[in-house]
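Going by our numbering, the sequence shown opens with residue 1211, and the numbers climb by one from there. In this text, a Cβ means the ideal position worked out from N, Cα and C, and glycines have one as well. Notes follow the structure.
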Amino acid sequence: MNAFPNSRRKIQNAPDVAYILDPRFPGGTSSAVAQELKVIAQSVRPKIFGFSSGLFKGKQVAPQLELALRELGLSIEWDPPSIAADIVILHNPAFLKFQSSLDVRVVAKRLYVVAHENFNRPGGASSFDVNNCLGLIDRSVLAMEKFIAPISELNRSTVDIWMAGSEQANNWQVLQGNWFNICDFEVQEPCDAPRDRRGRLSRAGYEKFPPLNDLELCFPKHAECNIMLGADCLLDVAADYPHWDILQFASIGVPDFFEKIDFFVYYIAPTLQESFGRVVVEAIAAGKLVITDAATASGFDGAVIASNAQNVSGVIAHYIDNPAEYKNQVLLAQSVLGRFSGPEFDDFFEKNVLRIEGST
1211 MNAFPNSRRK IQNAPDVAYI LDPRFPGGTS SAVAQELKVI AQSVRPKIFG FSSGLFKGKQ
1271 VAPQLELALR ELGLSIEWDP PSIAADIVIL HNPAFLKFQS SLDVRVVAKR LYVVAHENFN
1331 RPGGASSFDV NNCLGLIDRS VLAMEKFIAP ISELNRSTVD IWMAGSEQAN NWQVLQGNWF
1391 NICDFEVQEP CDAPRDRRGR LSRAGYEKFP PLNDLELCFP KHAECNIMLG ADCLLDVAAD
1451 YPHWDILQFA SIGVPDFFEK IDFFVYYIAP TLQESFGRVV VEAIAAGKLV ITDAATASGF
1511 DGAVIASNAQ NVSGVIAHYI DNPAEYKNQV LLAQSVLGRF SGPEFDDFFE KNVLRIEGST
């Protein structure tokens, strides 16, 4: 499950592939790109171009991406004046949200803009200035075809809404397949006797947390364990919740975190909706039962328990009383993980990028 494909030979006369991104993105974007590069490097040798957007400071590359680049012998060319390649892949256009210009000229046969973030929030408000970000890209890139590549069905629905209402829509196509996150995590067996040990993991940031009253319901006093890794924003209220074990992001290893829990309870701010939920897949692979909101759960075909915060304790009590159901649910969830594997992405990339098929 955690092995990357190694049987494919380099493609003869392979197209030139160039990546554009701000490599300082923390969390999901850089993790996804790191895993992706390891897979596609089996077929092509990409060039990596980093842009110093106004979203971050300094030039510290995200650790997981830096490690992947070092393993693959790839380097980043920062802020080039021009890029020419057969295929150009731009990850997460939201890195341009504070830009008024994109100072590069790009010439390509095909451009793929991978939409890591939903284009709108629950309720319909824009998640970022999509028109500005895509407009900057459109004006800087001369390409025969330009694709927006959603990463999930939920993400696709927000792209479709934008396409239906934007004057820029005629400049773009939407890729038929989802440019999904590769999640080749090592799979662990679920426990035989779950206990009321609850936890959540996310990068630090207020938008990653639900209101305090929902957190109180999800992580109550009667639980044996309530551990929150990446809960930096809750440190100022820690004294009011002595039954919460609040840990700063990266203060312990992720495997150590998962060893402490049996139930992964994941809710975020009601003004935000996850486009995918990489930590959900990570928790499933670690052998934990996942409980989250209905929208997030909808992307995992029964692998995740959908509930509201008020019912979380009832769900957990049920599975503690029925340990065989707990184990069966986790094993069912783990059977879904193959669709997010490196070999699956390898096939997707060959079909939709190297041998372009199926645009809408």
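- DSSP lists N1436, F1473 as the beta-bridge partner residues of R1408.
- Three or more beta-carbon pairs separated by less than 8 Å link the stretch 1347-1361 to the stretch 1374-1389, which places the two stretches in contact.
- For S1523, the enclosing alpha helix (DSSP H) stretches over residues 1522-1531.
- DSSP, read as helix, strand or coil, puts V1397 in coil.
- Note that the C-beta distance between L1306 and S1263 is below 8 Å.
- Considered as a whole, the stretch 1275-1301 harbours 1286-1288, 1292-1301 as its complete beta strand (DSSP E) runs of no fewer than 3 residues, in chain order.
- When DSSP states are grouped into helix, strand and coil, A1325 belongs to the strand group.
- Inter-residue distance for N1562 and S1485 is about 21 Å (C-alpha atoms, whole angstroms).
- Excluding sequence positions up to five before and after A1251, its CB lies within less than 7 Å of the CB of L1282, all in the same chain and listed in chain order.
- The three-state reading of DSSP puts N1391 in coil, since its state is none of H, G, I, E or B.
- Under DSSP, Y1416 forms no beta bridge with any residue.
- Per DSSP, E1355 is one residue of the beta strand (DSSP E) stretching across 1351-1360.
- Taking the CA atoms as reference points, L1321 sits about 6 Å from I1299.
- Contact between the stretch 1428-1438 and the stretch 1399-1417 is present, with at least three C-beta pairs closer than 8 Å.
- Closest in C-alpha terms to P1404, from the list F1474, D1511, K1257, A1505, comes F1474.
- In the structure shown, F1259 falls within a strand segment according to DSSP collapsed to helix, strand and coil.
- Here the alpha carbons of Y1477 and T1368 stand approximately 20 Å from one another.
- Counting along the chain, L1499 sits inside the beta strand (DSSP E) bounded by residues 1499-1502.
- For the pair of segments examined, the stretch 1546-1555 was found to touch the stretch 1489-1499: the number of CB pairs separated by less than 8 Å reaches three.
- The beta carbon of G1260 sits closer than 6 Å to those of P1233, I1286, W1288, all from its chain and outside the five residues before and after it, given in chain order.
- Of all alpha-carbon atoms in Y1416, T1506, G1524, the one lying nearest the alpha-carbon of Q1483 is that of T1506.
- When the beta-carbon positions are compared, V1540 and K1498 come within less than 8 Å of each other.
- Following the DSSP letters along the chain, one finds V1369 inside the alpha helix (DSSP H) bounded by residues 1363-1375.
- Within the model, the alpha-carbon separation for V1522 versus L1427 is close to 7 Å.
- Pairing E1399 with V1323, the inter-Cα distance amounts to about 37 Å.
- DSSP places S1336 in the strand class (E or B) of the three-state scheme.
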